[in-house]
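Protein chains in written order, with the working numbering: chain A, 301 to 632; chain B, 3 to 319.
Positions of the beta carbon are idealized from the N, C-alpha and C atoms, including for glycine.
On a predicted model such as this, the values are computed, not experimentally measured, just so you know.
So the structure is just underneath, and the comments pick up after that.
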């Protein structure tokens, strides 16, 4: 619906689909590659796109993650703009050689001759008792790879805008879709792709900055409501992109609040919250009144049992407790 | 000598191209031993007829991917020897600006889409290029060279299958030099050989004497035709590496006998191809090639290093 504005309610999954549909209409070099994408299993994101754009552009692949990713890379450097879908990030590991050794490095290794305008959609995070191999969150690993950009949208509008943006880039973009968000609803405006992606301050407050992305933003917003009731006002920064990081927005928020909590769903040891915490410390300098705090996953694979699973990942309550500690305002 | 290669002009041209690769790599290896070239290099000496025979059967617009032992494929595809040598020297005028090195050479203008160090890693890229060619209605074949070591990588089979089900114009070329570094192919590869593995995917395959450039060229021409009109094909070229895998591996190695090496050296592609030539045919080619390699070394030595300020250029965005 390019050139037209339309506001309607949509789920996160519908928003990703709308972005693909609109971008594919504008750019016939966009092709989709992945398993079960013609019928749109399991989350319905690509449902119907084959009917609209035909089997040459919406291609079911065999269960061959390595060759599919490599095929996406090869097609990207030869004039197409492929979107490779990997339903669950545990399966991305099979395609990681092609993503990291080829997609991320080809432009550099060839002195800028080859470009890889590839978008990799990957479902990640715990979705509820799917077990350890369906529930990984690889954004921290991928943000560590020079040559990859990593998007992590938090709501339907963000998913739409970031996907439209990703499909205008000439270098590879990993589009991390937190599976807990697929059914989340919000307003959706179909519009032209943004020319750049900045972090957003989605809640303003002067007492502490909560830096989050994806599902973590929803948790932080809920924590913000509860904290406000107790007289603590937080800034919630939706990072939107993990690589490159919007340092200016992070620095501005932390300079204003002097306190920072970094939230991520991967394990703390070597995880993205650690990277973020050090970036905050570097950027904030003397503005920090207390050391940066962080929340991440416990050091365990995702457990099957629901109660155990919930105990592994950051929660609204954990964010509230951590912010209170930062502010020296325990609930007791 | 076979039919396509039978004209005298072709025989001379193929010989000269093999000679260029041979002398280029001999010079590069000496410069490496003298410390002018850093890191590691993998010479294809002994295997040149595979690169020359296959690439001579491609159309100019067809594209090529290769592996870590890829200088020969680059030169056969028309990469400038000076810019290739400058890349080995890590200089600014190298084809990859000094950021790629011996194992990451590419020259898009020539349709040489690059050499890759992860064994088998470039195979699915060829499937992707061929897919793009089909979707964008370009009449091109994408040839991908890989060694016998790569046939035990899973991604090779995933790629054969993908090319087969989508009938893509991918020309798979297995350069079987008998060894994955020190491990013999007949030890590491089960079943009835590489061609039978392709056949299992419905991909037509032939094996050929990789030392005979005419035979390679003929077989490649047949299979490339089929590829262009119908779908993927595979050519296994049986060849031999006269040098070690890299510097840490002496030419005669601990894993093969001097007799075995000597036997294969009798089937040096230059010797076989020279059979129909006179000394007066060869002498001017030797002179031209020596001049070309000398010029390449001069280009490499006179090229400045890449700017340190550019070290994070061409990463993303």
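For residue 245(B), there is no enclosing beta strand (DSSP E), since its DSSP letter is neither H nor E. Annotation: the continuous beta strand (DSSP E) that includes residue 68(B) extends over 65-68. Taking the Cα of residue 48(B) as reference, the smallest distance to any Cα among 114(B), 157(B), 272(B) and 297(B) is reached at 272(B).
The Cβ atoms of residue 486(A) and residue 471(A) lie no closer than 9 angstroms to each other. Residues of the region 396-411 of chain A with a C-beta less than 9 angstroms from any C-beta of chain B: 397, 398, 401, 402, 404, 405, 406, 407, 408, 409, 410 and 411, listed in chain order.
Collapsing the DSSP output to three states places residue 617(A) in a helix. Residue 203(B) and residue 158(B) have their C-alpha atoms roughly 11 angstroms apart. With respect to chain B, the C-beta atom of residue 369(A) has a partner C-beta closer than 9 angstroms. Judged by DSSP in its simplified three-state form, residue 364(A) adopts coil rather than helix or strand.
For residue 337(A), the CB contacts under 7 angstroms within the same chain, skipping 5 residues up- and downstream, are 346, 358, 360 and 385 in chain order. Contact with chain B is found for residue 331(A), since one of that chain's Cβ atoms lies less than 9 angstroms from the residue's Cβ. By the Cβ rule, the region 252-267 of chain B does not count as touching the region 219-232 of chain B, because fewer than three pairs are nearer than 8 angstroms. Of the other Cβ atoms in all chains shown, 16 or more fall within 10 Å of the Cβ of residue 322(A); this residue is therefore buried. At least one beta carbon of chain A lies nearer than 9 angstroms to the beta carbon of residue 101(B). Taking the beta carbon of residue 266(B) as reference, no residue of chain A falls within 9 angstroms; the closest one sits roughly 32 angstroms away.
The beta-carbon separation of residue 563(A) and residue 510(A), rounded to 6 angstroms, stays under the 8 angstroms limit for a contact.
Nearest neighbour of residue 97(B) by Cα position, chosen from 392(A), 630(A) and 412(A), turns out to be 412(A). Residues of chain A with a Cβ closer than 7 angstroms to the Cβ of residue 127(B) are, in chain order, 370, 373, 374 and 402. At least one C-beta of chain A is nearer than 9 angstroms to the C-beta of residue 144(B).
Listed along chain B, the residues sitting closer than 9 angstroms to residue 362(A) by beta-carbon distance are 160, 163, 164 and 167. Residues 75, 117 and 147 of the same chain have their beta carbon placed closer than 6 angstroms to that of residue 68(B), with the five preceding and five following residues left out of the count. Non-local C-beta neighbours of residue 342(A) in its own chain, meaning closer than 8 angstroms and more than five positions away in sequence, comprise 336 and 387, ordered along the chain. Among the residues of chain B, those whose CB is under 9 angstroms from the CB of residue 446(A) are 314, 317 and 318, following chain order. Your pair residue 210(B) and residue 162(B) does not check out as a contact, with CB atoms roughly 19 angstroms apart and the cut at 8 angstroms.
Put simply, the region 304-311 of chain B touches the region 82-93 of chain B. At least three CB pairs are less than 8 angstroms apart. Taking C-beta separations shorter than 7 angstroms and ignoring five residues to either side along the sequence, the partners of residue 555(A) in its chain run 584 and 587, following chain order. Residues of the same chain with a CB within less than 8 angstroms of the CB of residue 192(B), apart from the 5 flanking positions on each side, do not exist.
Within the region 375-389 of chain A, the residues whose Cβ lies closer than 9 angstroms to any Cβ of chain B are, in chain order, 375, 376, 377, 378, 379, 380 and 382. No Cβ of chain A is located within less than 9 angstroms of the beta carbon of residue 152(B). Look at the region 168-239 of chain B and you find these whole runs of alpha helix (DSSP H), each 4 residues long or longer: 187-190, 196-201 and 215-231. Nearest to residue 188(B) by C-alpha distance, out of 223(B), 207(B) and 240(B), is 240(B). Taken through DSSP and simplified to helix, strand or coil, residue 477(A) comes out as strand.
Here residue 109(B) is actually not in contact with residue 407(A); their C-beta atoms are around 15 angstroms apart, not less than 8 angstroms. If you draw a straight line from the Cα of residue 154(B) to the Cα of residue 175(B), it comes to about 15 angstroms. Out of 244(B), 56(B) and 275(B), the CA that lies nearest to the CA of residue 261(B) is found in 244(B).
Here residue 101(B) is buried. Its C-beta has 16 or more other C-beta atoms within 10 Å.
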